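*Asks:*
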Amino acid sequence: MITRAAIFFLTVSSSLVFASSSELKADICKKNLAQCIFELSTNLAHTPTATHLWFHQKLTLMDLLFKAQEYKRLHTEVDAILTMPSLPKRVEIHGYMYKVKLASQDKKADLSDYISIVDKAFSDMAQWDAQSIIDYATFQLYTGDYKKGTSLLLALEEKFKSHPNSHIKKQIYTILGYLTHKQNKLDETLSYLQMALENAKKDDDIHYLVMAHYNIARALHFMGRLDEALPLFQDVILQAKKINEASYQSLTNLRIAQISTQKKQLKLAKSAMAAIDTKHLLTKDLSLYKELSLILK
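For the sequence shown, my numbering assigns the number 254 to the initial residue and increments by one for each residue that follows.
1) I'd like the span of the alpha helix (DSSP H) that includes proline 484, first residue to last.
2) Which class does asparagine 468 belong to by DSSP, given the choice of helix, strand or coil?
3) Take the Cβ of aspartate 458 as the centre, count every other Cβ of all protein chains shown within 10 Å, and call the residue buried at 16 or more, exposed below.
4) Pull up the distance between the alpha-carbon of histidine 474 and that of glutamine 515, whole angstroms please.
5) So, helix, strand or coil for threonine 531, using DSSP?
6) Relative to the C-alpha of serine 513, which candidate in Lys283, Asp480, Ser540 and Met448 has its C-alpha closest?
7) Can you tell me where the alpha helix (DSSP H) with methionine 350 in it begins and where it stops?
8) With contact counted as at least three CB pairs below 8 angstroms, one residue from each stretch, are the region 309-324 and the region 342-349 in contact?
9) Count the other CB atoms, across all protein chains shown, that sit within 10 Å of the CB of histidine 305; report buried if there are 16 or more and exposed otherwise.
10) Quick one: Cα of serine 376 to Cα of lysine 423, how far?
11) With a cut-off of 8 angstroms on the beta carbons, I'd call alanine 482 and alanine 470 a contact; round off their distance for me.
12) Check whether the region 359-372 and the region 316-333 are in contact - that is, three or more C-beta pairs closer than 8 angstroms.
13) Looking at the structure shown, is threonine 442 part of a helix, part of a strand, or coil, going by DSSP?
14) Distance, Cα to Cα, alanine 383 vs serine 369?
15) For aspartate 530, which residues from the same chain have a beta carbon less than 7 angstroms from its beta carbon, with the 5 sequence-adjacent residues on both sides left out?
16) Between leucine 335 and leucine 286, which are expected to be in contact by the criterion C-beta below 8 angstroms, what is the C-beta distance as a whole number of angstroms?
17) Taking the runs of the alpha helix (DSSP H) that are 4 residues or longer, which of them lie wholly in the region 370-396?
18) Near threonine 391, what residues of its chain come up, given a Cβ to Cβ distance below 6 angstroms and the 5 sequence neighbours on each side ignored?
19) Nearest-angstrom Cα distance between aspartate 440 and leucine 462?
20) Have a look at lysine 284 and alanine 453 and give me their C-alpha separation to the nearest angstrom.
21) Quick check: leucine 340 and valine 353, are their CB atoms within less than 9 angstroms of each other?
Shown next, in the form of structure tokens:
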């Protein structure tokens with residue numbers, strides 16, 4: 254049976270590096286996501302269509318749009334890619350994976366065909382690299398097979414336990430945190446997300462650090478540890494403002510409003526609500542926003 258995961262933490266996408274020195278430097282994307290997307294889009298306009306480099310740039314753009322939560326534009330990019338007559342297998346797989354991720358917001362959508370395509374593609378792969386395993390494990394958040402995703406990542410964690418690759422390790426622990434959360438293992442969730450944060454600090458990705466801090470605050474929120482979660486969320490707001498990340502700010506303000514309403518700190522709740530731009534909220538979060546708006550009238 255296909256289920257849909259409600260992803261309550263900030264989600265992560267695979268992070269592809271740029272192919273050559275003529276493209277963007279990776280540190281731009283670690284420090285200014287909007288600028289990174291803009292410059293990559295500009296590069297794409299001057300890259301011959303359907304070449305190896307063009308497909309690589311398109312994959313990178315889809316990952317960045319997902320990371321930036323620009324879902325409408327991502328939807329357009331994915332549909333355009335999947336209508337092309339011939340695609341490299343990796344591009345096709347990622348296209349269908351994003352199709353499932355985007356469609357999972359619609360409870361009535363039948364995702365079975367797309368999921369089957371991705372499952373078959375992965376089963377046909379002769380060898381899986383670490384990033385492909387992480388991507389496929391992340392995909393299980395949307396299929397509902399959380400144990401499968403966990404098993405894949407625990408095996409990968411063992412291989413990387415003594416490895417210095419913090420870029421891979423931060424992703425392993427982040428997704429393990431999401432998967433254990435879906436299995437209601439809240440203590441494990443917090444532990445994995447804390448390990449993700451420690452590895453993110455070593456990888457020097459500002460956007461990932463904001464996400465990692467948000468995830469820990471959200472884990473504490475789920476555990477009912479509101480007095481610990483609230484100041485962490487407030488710190489996330491400060492971090493997100495430094496990098497002009499509006500989507501992070503809106504979602505985090507929603508959590509602050511939610512907690513402060515529970516704690517009867519209504520002035521703080523109203524202030525947080527006033528700072529939310531609803532265009533950055535997904536359907537479930539928008540429902541919470543409307544509910545809190547009625548309470549705080």
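Where is the CB? At the ideal position from N, CA and C, for every residue including glycine.
Since the model is a prediction, treat every value here as computed from it, not as a measurement.
*Replies:* A quick look at the data gives this:
1) Residues 479-495.
2) It is helical.
3) When all chains shown are included, aspartate 458 counts as buried.
4) The straight-line gap separating the alpha-carbon atoms of histidine 474 and glutamine 515 is approximately 11 angstroms.
5) Threonine 531 carries a helical assignment under DSSP once its states are collapsed to helix, strand and coil.
6) Here the closest residue by C-alpha is Asp480.
7) Segment 342-356, the alpha helix (DSSP H) holding methionine 350.
8) Contact between the region 309-324 and the region 342-349 is present, because at least three Cβ pairs lie under 8 angstroms.
9) Result: exposed.
10) Put simply, the backbone Cα of serine 376 is about 25 angstroms away from that of lysine 423.
11) Confirmed, about 5 angstroms.
12) Inter-segment contact for the region 359-372 and the region 316-333 is absent: fewer than three beta-carbon pairs are separated by less than 8 angstroms.
13) Annotated three-state conformation of threonine 442 is helix, per DSSP.
14) Their Cα atoms are separated by approximately 22 angstroms.
15) Excluding sequence neighbours, aspartate 530 sits near Ala499 and Ser503.
16) Contact between leucine 335 and leucine 286 fails: their C-beta atoms lie close to 24 angstroms from each other, not under 8 angstroms.
17) At a cut-off of 4 residues, the continuous stretches assigned as alpha helix (DSSP H) that sit fully inside the region 370-396 are 383-396.
18) Residues of the same chain with a CB within less than 6 angstroms of the CB of threonine 391, apart from the 5 flanking positions on each side, are Ile428 in chain order.
19) Computed Cα separation, rounded: 21 angstroms.
20) One C-alpha to the other measures close to 13 angstroms.
21) No, Cβ-Cβ distance for leucine 340 and valine 353 is not below 9 angstroms.
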